[in-house]
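Enquirer: All residue numbers for the sequence shown refer to this note's numbering, where the first residue is 339 and numbers rise by one.
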Amino acid sequence: MNVICRSPGIVFGGSLNVTFMGKYEPHINNGNFQLITEDLEETFEDYVRGSRKKHLDSAHRFTYTIVTYVKDMFNFSMPTMHSKSWGYPKNGTFDGMIGFLMRGEAELGGSPGYIREERARVVDFTVGIWITRPCFIFRHPFKEGLISDVFIIPFTKYVWISIATVGVIWISFAGYIMYWEGFVENTGQQFLHDITEDLEETFEDYVRGSRKKHLDSAHRFTYTIVTYVKDMFNFSMPTMHSKSWGYPKNGTFDGMIGFLMRGEAELGGSPGYIREERARVVDFTVGIWITRPCFIFRHPFKEGLISDVFIIPFTKYVWISIATVGVIWISFAGYIMYWEGFVENTGTEAKESPTHVCAGSIAMQILVLFAFFTFQYYSASIVGSLLMEKPKTIKTLRNLIDSNLELGAEDILYTRDFFVRTTDPVAQELFRKRIKYVDKNNQEVENFLRPDVGMPKVKKGGYAFHIDVSAAYKIIRDTFTEREICDLVEIDLFPSYSFMMISMVRKGSPYRKMMIYGMRKTVETGVAYRTKDFYQTPQPKCTRQMKATDLIVNVERLFSAHALLICGFLLSLIVLSVELLYRNLTNRIARRRH
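Quick look at the structure:
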């Protein structure tokens, strides 16, 4: 019996399409061969179609079920045999399922297998419907080592060097102070202190190839789609190329639109932005490419001279209250020390009084308890600030202009044209002050760069580069680290309605409807999406996880702590100088009296 397929196109005047699909044999004695690796505890049918241990023999049970559906679809049945081997060469033949198929003892293989050259000689393969992925799975061991990094990682080497330097200076300074303290004590005194690219190969190799596919993405994509349309309708045309879309010059257009306007070209193989003056001289077809040029930069996180990490934990009122408690405590401690000294001078009986034993101890314990609770909140807030993602405050063009970032833009014609056409005052100010301006030496500076020059500047930080994301994302994915990707911020310069780029043809061209139909057909069938995925790299996602290196403290964060220590040094030197002057003054007065 021949099987035919009726063409739906006959409804629209087409002819009947008769396709030979094969012949059914009414008496097939051979059966369906099934592979099973497990020992069966029930009948074969119950095991294959059941849910017990369904994670075992998954590929075989899945394919057997699909084959069963096919048999029901075409209303035929076969006996089923099974084995534990797919079939591997042995003594010039095959064992297992392939051996049965090879010898004609089975007609269908109910289990999928890998395609091999030697298997292809003896059996026919049909459809691949199961993807298997065997791999090694293990719990990763984490070796601590003799000296765990947890005691080294918290600070960078510069912080360790600064700590060691401060330690040496402090020990020397403390020894110096202790020497003078002993000297003062001995004198009886006391004191206290605290296509746009240049081609290196043929045009066809460059446009259809994968080398630097992130450059000229829109043009290469549209050229490929136009090629599909030409193959679809079976026509061909010679190809010309230019480095400009086409902009008005002396009453006409240059570039691609100029060729279309003069009738020297019929189709435009590159999409362009729709403009009123362009619509007068060319016809637009279908918009199938969305471009999105924007500023991309790593957000700067300025620490400042006095790092907020040591100030933010408490509000100003809490700091004031701590200072007030400190002043009260110093006064109270002085009062207690005065009375303890007074009690000591009254004799042995007074020394044994409870006031002498408990007053100072209770006051000290209360102070320690207060300091303990305060320090817990303080240190927890500092650790939390290290774990918390830093806020990103540069979100608009105005923020970008007011920032300390250097700005640049991709050297491409539509960006230059935008700055000429735009009426947005912020965009105009950005262009005049940050993109093309006159520096202090009266020299004109123009920050238009190629993508392979601008994006490495973005990677280093402190630089914002305006570039189409189709070119930027490929460079980011290939060269940026995970942390650098998470630092990235994007700010749009163009209005969102201008992102669509549309293919164009000569004004009044007979190919216009053909191109519209063919391009829409590539979109409907998914060919356009597949081609777009090839030329346009998706946005790299920030999948960063917290690492030990994220908690490393740099020198800037410790600046305020060092500043406090230096202030303490200076204050102690001032107090020491005052005390020495006071001692010398009192000694002179004493000598004069004698």
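All C-beta atoms, glycine included, are put in the ideal place defined by N, C-alpha and C. Just so it is clear, the structure is predicted and the values come from calculations on it, not from any experiment.
1) Just the Cα atoms here: how many angstroms apart are Arg549 and Lys812?
2) By Cβ distance, which residues of its chain are closer than 7 Å to Gly601, with the 5 residues on each side in sequence left out?
3) For Ile644, does the three-state DSSP call read helix, strand or coil?
4) Under the rule that 16 or more other beta-carbon atoms within 10 Å means buried, what is Phe474, buried or exposed?
5) Per DSSP, Arg878 is paired with what?
6) With H, G and I counted as helix, E and B as strand and the rest as coil, what does DSSP make of Ser345?
7) Drop a sphere of 10 angstroms on the beta-carbon of Ile936, count the other beta-carbons inside from all chains shown, and report buried for 16 or more, exposed for fewer.
8) Alpha carbons only, please: which of Val776, Asp806 and Lys771 is nearest the one belonging to Leu787?
9) If we count the other Cβ atoms within 10 Å of its Cβ and call it buried at 16 or more, is Met435 buried or exposed?
10) Measure the beta-carbon distance from Met852 to Ser841 and round it to whole angstroms, keeping in mind my assumption that it falls under 8 Å.
11) Can you list, in chain order, the residues of its chain with a C-beta nearer than 8 Å to that of Thr881? Leave out the 5 residues immediately preceding and following it.
12) Hey, is the stretch 463–472 in contact with the stretch 393–413, meaning 3+ C-beta pairs nearer than 8 Å?
13) Compute the Euclidean distance between the alpha carbons of Ser691 and Phe708, then round it to the nearest angstrom.
14) Does the separation of the CB atoms of Ile739 and Leu768 fall below 9 Å?
15) Val624 lies in the beta strand (DSSP E); which residues open and close that run?
16) If we call anything under 9 Å between Cβ atoms a contact, is Met419 one with Glu443?
17) Out of Gly800, Met411 and His552, point me to the one whose CA is closest to Ala809's CA.
18) For Ala444, which three-state DSSP category applies?
19) Please list the terminal residues of the continuous alpha helix (DSSP H) segment that includes Ser421.
20) Kindly indicate which three-state DSSP category Thr494 falls into: helix, strand or coil?
21) So, with DSSP's three-state summary, where would you put Asp395?
22) Assuming Ala802 contacts Phe622 (C-beta within less than 8 Å), just tell me the rounded distance between them.
23) Quick test of your reading: Leu564 and Gly607, contact by CB under 8 Å. State the CB separation rounded to the nearest angstrom.
24) Please go through the same chain and pick out, in chain order, the residues whose beta-carbon is closer than 6 Å to the beta-carbon of Tyr873, but skip the five residues on each side of it.
25) Here's the rule: buried if 16 or more other CB atoms are within 10 angstroms of the residue's CB, otherwise exposed. What is Thr863?
26) Where does His932 sit, in a helix, a strand or coil, going by DSSP?
27) Does DSSP put Leu745 in a helix, in a strand, or in coil?
28) Can you find the residues in the same chain that come closer than 7 Å, C-beta to C-beta, to Phe412, ignoring five residues on each side of it along the sequence?
29) Pop quiz: Asp569 and Ser582 are said to be a contact at Cβ under 8 Å. What is the actual Cβ separation, rounded to whole angstroms?
30) Return the chain-ordered list of same chain residues with a C-beta closer than 6 Å to the C-beta of Ile814, the five sequence neighbours on each side being excluded.
31) Report the option in Ile650, Glu380 and Trp498 whose CA atom is closest to the CA atom of Tyr716.
32) Please go through the stretch 793–878 and give each complete beta strand (DSSP E) segment of 3 or more residues, from N-terminal end onward.
Expert: The relevant details are as follows:
1) As a position in the sequence shown, residue 549 is number 211, starting the count at 1. As a position in the sequence shown, residue 812 is number 474, starting the count at 1. The alpha-carbon atoms of Arg549 and Lys812 are separated by roughly 12 Å.
2) As a working mapping, residue 601 is identified with position 263 in the sequence shown. So the qualifying residues of the chain are Arg844.
3) By 1-based counting over the sequence shown, the position of residue 644 is 306. Caution applies to Ile644, whose pLDDT of 44 falls short of 50 and renders its modelled position unreliable; the value that the coordinates give is listed next. In this structure, Ile644 counts as coil in the three-state DSSP scheme.
4) Indexing the sequence shown from 1 puts residue 474 at position 136. Exposed, since its Cβ has fewer than 16 Cβ neighbours within 10 Å.
5) For the purposes of this step, residue 878 is identified with residue 540 of the sequence shown, where counting begins at 1. It should be noted that the sequence gives Pro, not Arg, for residue 878. The partner list for Pro878 (beta bridge, DSSP) is empty, contrary to what the question assumes.
6) Here residue 345 refers to the residue found at position 7 when the sequence shown is read from its first residue. Residue placement at Ser345 is flagged as unreliable, the pLDDT there being 45, under the threshold of 50; the coordinate-derived value follows with that caveat. Here Ser345 sits in coil by DSSP.
7) The requested residue 936 is not part of the displayed model; the chain covers only 339 to 932.
8) Here residue 787 refers to the residue found at position 449 of the sequence shown. For the residues Val776, Asp806 and Lys771, the minimum Cα distance to Leu787 belongs to Asp806.
9) One-based indexing of the sequence shown puts residue 435 at position 97. Answer is buried; the Cβ neighbour count reaches 16.
10) Indexing the sequence shown from 1 puts residue 852 at position 514. Indexing the sequence shown from 1 puts residue 841 at position 503. About 12 Å; that fails the 8 Å criterion.
11) As a working note, residue 881 is residue 543 in the sequence shown. Counting only Cβ-Cβ distances below 8 Å, and skipping sequence neighbours, we find Glu820.
12) yes
13) Taking the first residue of the sequence shown as position 1, residue 691 is located at position 353. Taking the first residue of the sequence shown as position 1, residue 708 is located at position 370. Summary for Ser691: the model assigns pLDDT 46, below 50, so the residue's position carries little reliability; its value from the coordinates is reported in the next sentence. Those two C-alpha atoms are separated by around 27 Å.
14) To locate residue 739, count along the sequence shown from 1; it is residue 401. To locate residue 768, count along the sequence shown from 1; it is residue 430. Cβ atoms of Ile739 and Leu768: closer than 9 Å.
15) As a position in the sequence shown, residue 624 is number 286, starting the count at 1. Counting along the chain, the beta strand (DSSP E) containing Val624 begins and ends at Val620 to Ile628.
16) The count along the sequence shown starts at 1 and reaches residue 419 at position 81. The count along the sequence shown starts at 1 and reaches residue 443 at position 105. Yes, these two residues count as a Cβ contact at 9 Å.
17) Locating residue 809 in the sequence shown gives position 471, counting from the first residue. That would be His552, whose Cα lies nearest to the Cα of Ala809.
18) Counted from its first residue, the sequence shown places residue 444 at position 106. Ala444 falls in the strand class under three-state DSSP.
19) The count along the sequence shown starts at 1 and reaches residue 421 at position 83. Run containing Ser421: none in the alpha helix (DSSP H); it sits in the beta strand (DSSP E), Thr418 to Ser421.
20) Stepping through the sequence shown from its first residue, residue 494 is reached at position 156. DSSP places Thr494 in coil when its eight states are reduced to three.
21) What you label residue 395 is simply residue 57 of the sequence shown in a count that begins at 1. It is coil, neither helix nor strand.
22) Counted from its first residue, the sequence shown places residue 802 at position 464. Counted from its first residue, the sequence shown places residue 622 at position 284. The pair is not a contact, with the Cβ atoms about 33 Å apart (cut-off 8 Å).
23) Position 226 of the sequence shown, counted from the first residue, corresponds to residue 564. Position 269 of the sequence shown, counted from the first residue, corresponds to residue 607. Here residue 564 is Val; the residue named in the question, Leu, does not match the sequence. Their Cβ separation, rounded to whole angstroms, is 5 Å, which keeps Val564 and Gly607 in contact under 8 Å.
24) In the sequence shown, the residue the question calls residue 873 occupies position 535. Only Lys551, Ser555, Arg558 and Phe559 meet the Cβ criterion.
25) Stepping through the sequence shown from its first residue, residue 863 is reached at position 525. By the 10 Å Cβ count, Thr863 comes out exposed.
26) Residue mapping note: residue 932 aligns to position 594 of the sequence shown, counting from 1. Of the three classes helix, strand and coil, the one that applies to His932 here is coil, per DSSP.
27) What you label residue 745 is simply residue 407 of the sequence shown in a count that begins at 1. Three-state result, Leu745: strand.
28) Stepping through the sequence shown from its first residue, residue 412 is reached at position 74. So no residue of the chain qualifies.
29) As a first step, residue 569 is located in the sequence shown; it is residue number 231 there, counting from the start. As a first step, residue 582 is located in the sequence shown; it is residue number 244 there, counting from the start. Not confirmed; about 28 Å, so no contact.
30) As a first step, residue 814 is located in the sequence shown; it is residue number 476 there, counting from the start. Around Ile814: Pro878.
31) Residue mapping note: residue 716 aligns to position 378 of the sequence shown, counting from 1. Taking only the C-alpha atoms, the option nearest Tyr716 is Ile650.
32) 801–806, 826–830 and 838–844
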